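Note that this note's numbering gives residue 109 to position 96 of the sequence shown, counting from 1, and the numbers run on in steps of one.
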Amino acid sequence: MKTMNSKIVFGQYYHAQSWIHKLDPRTKLICLFSLMISIFLITNLYILLGMLGLIIVLVLFSKIPVVKFLQGLKMMAFLMMFTVIFQILFNRSGNLTASYNFNLDIFNLALAITLLLIYFILGKFVKKFRLLTFLLILAISLLSQYHFTFSKILVSYKVNIYDEGIISSLKVVTRIIILISLSSLLTLTTKPTDLNNGLESVVKPLKIFKVNVSIFSMMISLALRFIPTLINEANRILKAQASRGVDFKEGKLREKITQIISLLIPMFVIAYKRAEDLANAMEARGYIPGAERSKLNELKFCYSDYLTFIFSVIILGVIISLRIVL
14 MKTMNSKIVF GQYYHAQSWI HKLDPRTKLI CLFSLMISIF LITNLYILLG MLGLIIVLVL
74 FSKIPVVKFL QGLKMMAFLM MFTVIFQILF NRSGNLTASY NFNLDIFNLA LAITLLLIYF
134 ILGKFVKKFR LLTFLLILAI SLLSQYHFTF SKILVSYKVN IYDEGIISSL KVVTRIIILI
194 SLSSLLTLTT KPTDLNNGLE SVVKPLKIFK VNVSIFSMMI SLALRFIPTL INEANRILKA
254 QASRGVDFKE GKLREKITQI ISLLIPMFVI AYKRAEDLAN AMEARGYIPG AERSKLNELK
314 FCYSDYLTFI FSVIILGVII SLRIVL
């Protein structure tokens, strides 16, 4: 079954005929953890970009529309932008790459305020490309302060950019892109039932520590399954309240808190109702927590699973070796 027409990617399954879809879920989980460990061990930017290239190749081989992965990255766009700005402005290690002097006068201040007002006014009518619009406004304001001074200077400040700040920001952004792409690749190519069975099998050694792995894997699977469902319910509530005249972007702080409460209460009721319906459905089908259950489709490794597993282990081994040598 194909995914719903939703912008939420995480937790959904997209049906396609690719070799990644046919891999055993245990192989996908183990390789996911292996690649994630490798990503955090990499300190060289070029090796990290090479890993990003590998992930892009896997995305293309999955036969899933690239826009699905871009939708997942879009949700983290603000975090990545904030990370880049923070690293460039406050990372003072390395060699000085560039230094810029900015002068804020009355004209530049009025221009910045005008652009922000235009941004907020357009935001009520144009919902797309808001982040790009904000970056454009920020760039225009900074260029005006850097090149033009028409009146008495109110504030002068200098921005120093170091090479380590640029490299560090690129590393963090690349890691975020790889992690989100890997997570989306796992959920988009694996059915929730297979993911649950694979997770239960992978964490089975935790039984030694008296951990009920069946309940643990069921909790993780249900959480993944209900993330897009609850977000869709929240969007429905927002649209219903907007049709009644409620605007979450307008009003004073006290009014916004009241509006958020009006969103949280129905969300809590809906989540509780869905959990109760799910519990009743599981009980009606004879589900007993912790009991041994047979499976309709037994998980079996094939040659592609072994090759994929060996390839991921080789990557992890090479990364560890390079970390020790370099």
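Ideal Cβ positions, reconstructed from N, Cα and C, are used throughout, including at glycine. Bear in mind that the values here come from a model prediction, so they are computed numbers and not experimental data.
Beyond the five residues adjoining it in sequence on each side, Gly107 comes within less than 8 Å, by CB distance, of Tyr175, Asp176, Glu177, Gly178, Ile180 in the same chain, given in chain order. Sequence-distant partners of Phe103 (beyond 5 residues in either direction) whose C-beta falls short of 8 Å from its own C-beta, in its chain, are Gly178. DSSP places Phe82 inside the alpha helix (DSSP H), whose first and last residues are 79-87. The alpha-carbon of Thr321 is positioned some 49 Å away from that of Ala255. In the displayed model, Ala123 falls within a helix according to three-state DSSP. Among the bridge pairs identified by DSSP, Lys171 is matched with Asn114.
Taking the Cα positions, Gly330 is about 12 Å away from Ile55. Going by DSSP, Leu198 is part of the alpha helix (DSSP H) stretching over 176-202. Residue state for Ile166 is assigned as strand, using DSSP reduced to three classes. Secondary structure of Leu109 (DSSP, three-state): strand.
When the beta-carbon positions are compared, Leu117 and Leu167 come within less than 7 Å of each other.
A check of alpha carbon separations from Asn210 across Lys41, Val326, Tyr27, Phe115 identifies Lys41 as the nearest.
Rounded to the nearest angstrom, the Cβ distance from Arg188 to Ile52 is 6 Å, consistent with a contact under 8 Å. Taking the Cα of Ile101 as reference, the smallest distance to any Cα among Thr202, Asn293, Ile333, Val186 is reached at Val186.
The three-state reading of DSSP puts Val224 in coil, since its state is none of H, G, I, E or B. The C-alpha of Ile328 is placed about 40 Å away from the C-alpha of Ser112. Per the coordinates, the alpha-carbon of Leu251 lies some 12 Å from the alpha-carbon of Ile274.
A distance of 7 Å or more separates the beta carbons of Phe163 and Phe115. Less than 7 Å divides the Cβ of Ala247 from the Cβ of Met280. In this structure, the CA atom of Ile69 is about 17 Å from the CA atom of Tyr27.
If you ignore the 5 residues before and after Val72, its C-beta comes within less than 8 Å of the C-beta of Val79, Phe82, Ser194, Leu198, all in its own chain and listed in chain order. The beta carbon of Ser230 sits closer than 7 Å to the beta carbons of Asn209, Leu212, Glu213, Val216 from its chain, once the five residues preceding and following it are set aside; these are given in chain order. One Cα belongs to Leu235, the other to Ile43, and the distance between them is close to 20 Å.
Under the DSSP assignment, Arg298 falls outside any alpha helix (DSSP H); it carries neither an H nor an E label. Counting the other Cβ atoms within 10 Å of the Cβ of Asp207 gives 16 or more, which makes it buried. According to the DSSP assignment, Gln100 belongs to the alpha helix (DSSP H) that extends over 90-103. Residue burial annotation: Gln25 is buried, with at least 16 other C-beta atoms found within 10 angstroms of its C-beta. In terms of Cβ geometry, Ser47 and Ser325 form a close pair [threshold 7 Å]. With respect to Leu312, Asp37 sits close: the two C-beta atoms are nearer than 7 Å.
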